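Enquirer: Next up is a structure, given as structure tokens.
2 protein chains.
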Amino acid sequence: MTSVPMFRIPRPFDMHTHLRQGPLMRLVTRLTARHFDGAIVMPNTNPPILTGEDACRYQSDIMRSARGANASFLPLTLIKLTMETTPDIIIQAKKLGVVAAKMYPVGVTTNSADGVDLDKLRELYPTFKAMEDTGVILCIHGEVGGDVFVLDREEFFFEYLRQLHRDFPTLRIVLEHITTKAAVDLVRNLGKTVAASITLHHLFLTLNNVLCDPVGAGEFLRPHHACRPYAKRPEDRDALVRAAISGDPKFFWGTDSAPHPFDKKEADCCAAGVWTTPVALPLLVELFEKHEALERLAGFSSQFGLAFYGIKRRTRMLTMVKRAWTVPLAYDVRNGAKFVTKIVPFRAGQKISWKVARY
Amino acid sequence: MTSVPMFRIPRPFDMHTHLRQGPLMRLVTRLTARHFDGAIVMPNTNPPILTGEDACRYQSDIMRSARGANASFLPLTLIKLTMETTPDIIIQAKKLGVVAAKMYPVGVTTNSADGVDLDKLRELYPTFKAMEDTGVILCIHGEVGGDVFVLDREEFFFEYLRQLHRDFPTLRIVLEHITTKAAVDLVRNLGKTVAASITLHHLFLTLNNVLCDPVGAGEFLRPHHACRPYAKRPEDRDALVRAAISGDPKFFWGTDSAPHPFDKKEADCCAAGVWTTPVALPLLVELFEKHEALERLAGFSSQFGLAFYGIKRRTRMLTMVKRAWTVPLAYDVRNGAKFVTKIVPFRAGQKISWKVARY
Numbered sequence: 001m002t003s004v005p006m007f008r009i010p011r012p013f014d015m016h017t018h019l020r021q022g023p024l025m026r027l028v029t030r031l032t033a034r035h036f037d038g039a040i041v042m043p044n045t046n047p048p049i050l051t052g053e054d055a056c057r058y059q060s061d062i063m064r065s066a067r068g069a070n071a072s073f074l075p076l077t078l079i080k081l082t083m084e085t086t087p088d089i090i091i092q093a094k095k096l097g098v099v100a101a102k103m104y105p106v107g108v109t110t111n112s113a114d115g116v117d118l119d120k121l122r123e124l125y126p127t128f129k130a131m132e133d134t135g136v137i138l139c140i141h142g143e144v145g146g147d148v149f150v151l152d153r154e155e156f157f158f159e160y161l162r163q164l165h166r167d168f169p170t171l172r173i174v175l176e177h178i179t180t181k182a183a184v185d186l187v188r189n190l191g192k193t194v195a196a197s198i199t200l201h202h203l204f205l206t207l208n209n210v211l212c213d214p215v216g217a218g219e220f221l222r223p224h225h226a227c228r229p230y231a232k233r234p235e236d237r238d239a240l241v242r243a244a245i246s247g248d249p250k251f252f253w254g255t256d257s258a259p260h261p262f263d264k265k266e267a268d269c270c271a272a273g274v275w276t277t278p279v280a281l282p283l284l285v286e287l288f289e290k291h292e293a294l295e296r297l298a299g300f301s302s303q304f305g306l307a308f309y310g311i312k313r314r315t316r317m318l319t320m321v322k323r324a325w326t327v328p329l330a331y332d333v334r335n336g337a338k339f340v341t342k343i344v345p346f347r348a349g350q351k352i353s354w355k356v357a358r359y
Numbered sequence: 001m002t003s004v005p006m007f008r009i010p011r012p013f014d015m016h017t018h019l020r021q022g023p024l025m026r027l028v029t030r031l032t033a034r035h036f037d038g039a040i041v042m043p044n045t046n047p048p049i050l051t052g053e054d055a056c057r058y059q060s061d062i063m064r065s066a067r068g069a070n071a072s073f074l075p076l077t078l079i080k081l082t083m084e085t086t087p088d089i090i091i092q093a094k095k096l097g098v099v100a101a102k103m104y105p106v107g108v109t110t111n112s113a114d115g116v117d118l119d120k121l122r123e124l125y126p127t128f129k130a131m132e133d134t135g136v137i138l139c140i141h142g143e144v145g146g147d148v149f150v151l152d153r154e155e156f157f158f159e160y161l162r163q164l165h166r167d168f169p170t171l172r173i174v175l176e177h178i179t180t181k182a183a184v185d186l187v188r189n190l191g192k193t194v195a196a197s198i199t200l201h202h203l204f205l206t207l208n209n210v211l212c213d214p215v216g217a218g219e220f221l222r223p224h225h226a227c228r229p230y231a232k233r234p235e236d237r238d239a240l241v242r243a244a245i246s247g248d249p250k251f252f253w254g255t256d257s258a259p260h261p262f263d264k265k266e267a268d269c270c271a272a273g274v275w276t277t278p279v280a281l282p283l284l285v286e287l288f289e290k291h292e293a294l295e296r297l298a299g300f301s302s303q304f305g306l307a308f309y310g311i312k313r314r315t316r317m318l319t320m321v322k323r324a325w326t327v328p329l330a331y332d333v334r335n336g337a338k339f340v341t342k343i344v345p346f347r348a349g350q351k352i353s354w355k356v357a358r359y
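Those sequence lines, one after another, are chains A and B. Heads up: the first sequence begins at 1 in this note's numbering, then just goes up one per residue. Heads up: the second sequence begins at 1 in this note's numbering, then just goes up one per residue.
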């Protein structure tokens, strides 16, 4: 009898995820709740989550969907900042338990046409002030839009981050899904109220995996590796890995797992987002094992994010076991018995060495 | 009665195109022959064109397909260099009328797994010597492959171009479909036996149009804008435009028009290539008109390329008329009456202001 390596870790808390709506939400939520203790849930749905009441309704929907998989799963639903978000909306949302609001500059990603106009950022200063005063966290999609070259968009955003941090020094800010070495360096050098989330896929992909991913004897454009912000150079990816395994509490895990129906990805105009949920924790364990950093996994995958947000949770454990499995090519989305669409996970059809043994 | 602007130009000669095989070849060839006087036809078919005899057979097939559209259409079919291409193959091909051989480094684009290993370039020196001696032109896909970051692949190839030009100074070399300002500068500074082709789409696209192309209220990944080498930064695109309209005979037009069945483009693994044939000349006229360079159009679109290759052609004219038309969403490929697939042109569904009036 050979013994199979296994170990127990605190269930991760996903500090950035997309649970969508309707039948897609029900599937994605169940799969998320199996591996995660809870999640910070993005509000760029359609229609968007704009107020505390919207957020509470959305949270109830999600909890209902999660119940069968993990009754204690905690979805923290955010509100979306628009140019119409008033201080009152913030104060009211805070009363209803909303922990953070998400700022999307106009047009930078899925459903962001109603986002914030960076040229008019000062018009939102009373709102940021209310967030600072009430302790509502500012989550930022840190890219500029417009005609700026795609690979420069994150760095061009830095001036706005610096400005907000200078003008609201006690406002807690999360620069979401960072993709560059420059972002790692910036966040590390700003005050302790600024942190960053790092996705699963940005720890593995570079832009080569988007534009010329090796598959069989060829190399291909891969819509399922396309997301915002895009993965960058190998040296950027390596800087993200170093930050993730460093034990620096300014960097924590937010998968930004973002499912789209497969025919919105494999299309003439392909939607942005990588859906990593079913493979995220196993791949993260693989990565930390490879870098001999398993003892820092719990910090990155649950403790640092919760600490930054000030969320107290009873620690719930799960067991990881080293047993190879093959990622399904797709997951069917159903409405009752009726097939609706399918969604394609990251690493579809590939082998992964670790799996979650018990939920 | 208002008069519609029109003018006559020599039919262009496409110094780089893909005509494919079978039913796709028949459709694409007819459409190419309508607007072009002839074309340099790439040999990375499946099976590939490896010898003079292959090239002659392929040329006959193409001429048969072109006949109804343009009886004088001249397809010049190349042979593909592999590690097995001997000097004898070159000498024999030259006797059969082959004007050039195409070098693909291994794995850099469609059907290039049997390409040239750059680490063993010297093993092909007797072959390059035979090309230099017989006047067979060397056409190069100027990118390295492997793990090199996708946006650096063209510039990393420069050392091989410099080496070949130094060791075979009278060998005529075309650096195909250049995409960077650095390539423009290099070709301009090398000897007169080195020239470059520039595609239609690289005069219009940047990497933004691949990764975050504005469509409606959103921005999307666009497989139909994906090709090798990829379009780069705005300043690179602008340098290509300046080279094209400059009147410098070292830069000439090769569309690299590269059709794929739509379901190979809109897929999990998307094939590389932009199919521009039906819109190429109208868009080129738009561009030269915008830059007030119409008097240099004939140089770029036919004369410079033919002069570099040493091809003498009787000048055949066609008439351009400024009358807006909408590009079809797709072209059906048929085998006799039977639908086979469809192919999506560049600028599908969009308006173009110039059209070819008479063939």
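Virtual Cβ for every residue (Gly too), placed ideally from N, Cα, C. No experiment lies behind these values; they were computed from the predicted model shown.
1. Pull up the distance between the alpha-carbon of A195 (chain A) and that of C139 (chain B), whole angstroms please.
2. So with CB distances below 8 angstroms, who are the chain A contacts of N208 (chain B)?
3. How would you list, in chain order, the residues of chain C whose beta-carbon sits under 7 angstroms from the beta-carbon of V279 (chain A)?
4. Anything in the region 226-253 of chain B with a Cβ closer than 8 angstroms to a Cβ of chain A? List those residues in chain order, please.
5. Provide the residue(s) that pair with I91 (chain A) in DSSP beta bridges, ordered along the chain.
6. Reducing DSSP to helix, strand and coil, say where W248 (chain B) ends up.
7. Just checking, does the region 100-112 of chain A make contact with the region 135-150 of chain A on the three C-beta pairs under 8 angstroms criterion?
8. If we count Cβ pairs, one from each stretch, closer than 8 angstroms, do we get three or more for the region 275-293 of chain A versus the region 198-205 of chain A?
9. For the alpha helix (DSSP H) that contains P75 (chain B), what are its first and last residues?
10. Spell out the partners DSSP gives M15 (chain A) in its beta bridges.
11. Would V187 (chain B) and A239 (chain B) be called neighbours here (beta carbons separated by less than 8 angstroms)?
12. Going residue by residue through the region 211-280 of chain A, where are the continuous alpha helix (DSSP H) segments of at least 4 residues, counting only ones entirely within it?
13. For P169 (chain A), does the count of other Cβ atoms within 10 angstroms reach 16, so buried, or fall short, so exposed?
14. Just verifying my parser: in three-state terms, what is the DSSP assignment at P362 (chain A)?
15. So with Cβ pairs under 8 angstroms, would you call V215 (chain A) a contact of chain B?
16. Within a Cβ cutoff of 6 angstroms, which residues of the same chain sit near A364 (chain A), ignoring the five residues on either side of it in sequence?
17. Which runs of the beta strand (DSSP E) spanning at least 3 residues fall entirely within the region 135-195 of chain A, listed in chain order?
18. Where do the ends of the alpha helix (DSSP H) carrying R57 (chain A) lie?
19. Secondary structure at N44 (chain A), three-state DSSP: helix, strand or coil?
20. Which first and last residues belong to the alpha helix (DSSP H) in which L27 (chain B) is found?
21. Starting from Y331 (chain A), trace the alpha helix (DSSP H) both ways and give me its first and last residue.
22. Helix or strand or just coil, what does DSSP make of F204 (chain A)?
23. Just the chain B side, please: which residues come within less than 7 angstroms of C212 (chain A) by C-beta, in chain order?
24. Which residues in chain B sit within 8 angstroms of H201 (chain A), going by Cβ to Cβ distance?
25. Is there a Cβ of chain A sitting closer than 8 angstroms to that of H224 (chain B), yes or no?
26. Kindly indicate if chain A contains any beta-carbon less than 8 angstroms away from that of G97 (chain B).
27. For A113 (chain B), decide whether its Cβ has a neighbour in chain A, counting only Cβ atoms nearer than 8 angstroms.
28. Please list, in chain order, the residues of the region 50-66 of chain A that have any C-beta partner in chain B closer than 8 angstroms.
29. Between the Cα of Y104 (chain B) and the Cα atoms of B:D88, B:R228, B:M6, which residue gives the shortest distance?
30. Determine, for E154 (chain B), whether the minimum Cβ-Cβ distance to residues of chain A falls below 8 angstroms.
31. Rounded to the nearest angstrom, what separates H35 (chain A) and V356 (chain A) at their Cα positions?
32. Taking any Cβ of chain A, which residues in the region 20-41 of chain B have a Cβ under 7 angstroms from it, in chain order?
33. So, for P87 (chain B): in the same chain, excluding its five sequence neighbours on each side, which residues have a beta-carbon less than 8 angstroms away from its beta-carbon?
34. Determine, for G299 (chain A), whether the minimum Cβ-Cβ distance to residues of chain B falls below 8 angstroms.
35. Taking contact to mean at least 3 C-beta pairs separated by less than 8 angstroms, is the region 302-318 of chain A in contact with the region 24-38 of chain A?
36. Any beta carbon from chain B within less than 8 angstroms of L220 (chain A)'s own beta carbon?
Expert: Looking at the coordinates:
1. Counting from 1 along the first sequence, the entry for residue 195 (chain A) is found at position 195. Counting from 1 along the second sequence, the entry for residue 139 (chain B) is found at position 139. In a straight line, the C-alpha of A195 (chain A) is about 51 angstroms away from that of C139 (chain B).
2. One-based indexing of the second sequence puts residue 208 (chain B) at position 208. Near N208 (chain B) (Cβ distances below 8 angstroms), the residues of chain A are D147, F149, V150.
3. Among the chains of the structure shown, chain C does not appear; the protein chains present are A and B.
4. A226, R228, Y230, R233, P234
5. The sequence position of residue 91 (chain A) within the first sequence is 91, counting from 1. Per DSSP, none; premise fails for I91 (chain A).
6. To locate residue 248 (chain B), count along the second sequence from 1; it is residue 248. For the sequence presented, residue 248 (chain B) should be read as Asp rather than Trp. In this structure, D248 (chain B) counts as coil in the three-state DSSP scheme.
7. yes
8. yes
9. If you number the second sequence from 1, residue 75 (chain B) lands on position 75. P75 (chain B) -> not in any alpha helix (DSSP H); beta strand (DSSP E) instead, spanning 74-77.
10. Translated into the one-based positions of the first sequence, residue 15 (chain A) becomes position 15. According to DSSP, which records beta bridges pairwise, M15 (chain A) is partnered with nothing at all.
11. What you label residue 187 (chain B) is simply residue 187 of the second sequence in a count that begins at 1. What you label residue 239 (chain B) is simply residue 239 of the second sequence in a count that begins at 1. Their beta carbons are not under 8 angstroms apart, which means V187 (chain B) does not touch A239 (chain B) by this criterion.
12. 234-244, 262-265
13. Reading the first sequence from its first residue, position 169 is the one you call residue 169 (chain A). The residue is exposed, with fewer than 16 neighbouring Cβ atoms inside 10 Å.
14. Outside the displayed span of chain A (1 to 359) sits residue 362 (chain A), for which this structure offers no information.
15. What you label residue 215 (chain A) is simply residue 215 of the first sequence in a count that begins at 1. For V215 (chain A), the answer is yes, since a Cβ of chain B falls inside 8 angstroms of its Cβ.
16. Since the first residue shown for chain A is 1 and the last is 359, residue 364 (chain A) is missing from the structure and cannot be characterised.
17. 137-140, 173-175
18. Looking up residue 57 (chain A) in the first sequence gives position 57. Taken as a continuous stretch (DSSP letters only), the alpha helix (DSSP H) holding R57 (chain A) covers 52-66.
19. Counting from one through the first sequence, the residue named residue 44 (chain A) turns up at place 44. Reduced to three states, the DSSP call for N44 (chain A) is coil.
20. Locating residue 27 (chain B) in the second sequence gives position 27, counting from the first residue. Run containing L27 (chain B): 22-35, per the alpha helix (DSSP H) assignment.
21. Start at 1 with the first residue of the first sequence, and residue 331 (chain A) comes out as number 331. Where Y331 (chain A) is concerned, there is no enclosing alpha helix (DSSP H), although the beta strand (DSSP E) it sits in stretches over 331-335.
22. As a position in the first sequence, residue 204 (chain A) is number 204, starting the count at 1. Residue state, collapsed to three classes: coil.
23. Residue mapping note: residue 212 (chain A) aligns to position 212 of the first sequence, counting from 1. The contacting residues are V150.
24. In the first sequence, residue 201 (chain A) corresponds to position 201, counting from 1. By Cβ distance, chain B contributes nothing, its closest Cβ being about 15 angstroms from H201 (chain A), past 8 angstroms.
25. Looking up residue 224 (chain B) in the second sequence gives position 224. Yes, contact with chain A.
26. As a working mapping, residue 97 (chain B) is identified with position 97 in the second sequence. Not one chain A Cβ lies under 8 angstroms of G97 (chain B).
27. Residue numbering aside, residue 113 (chain B) sits at position 113 when the second sequence is read from its first letter. True, the Cβ-Cβ gap to chain A drops below 8 angstroms.
28. none
29. Here residue 104 (chain B) refers to the residue found at position 104 when the second sequence is read from its first residue. Per the Cα distances, B:R228.
30. Translated into the one-based positions of the second sequence, residue 154 (chain B) becomes position 154. It does not: the Cβ of E154 (chain B) has no partner Cβ on chain A nearer than 8 angstroms.
31. Looking up residue 35 (chain A) in the first sequence gives position 35. Looking up residue 356 (chain A) in the first sequence gives position 356. H35 (chain A) and V356 (chain A): Cα-Cα distance of roughly 7 angstroms.
32. none
33. Mapped onto the second sequence, residue 87 (chain B) falls at position 87. Cβ within range, chain order: P126, T127, K129, A130.
34. Position 299 of the first sequence, counted from the first residue, corresponds to residue 299 (chain A). So no, G299 (chain A) is outside the interface.
35. yes
36. Indexing the first sequence from 1 puts residue 220 (chain A) at position 220. The question names Leu, yet the displayed sequence has Phe at residue 220 (chain A). For F220 (chain A), the answer is yes, since a Cβ of chain B falls inside 8 angstroms of its Cβ.
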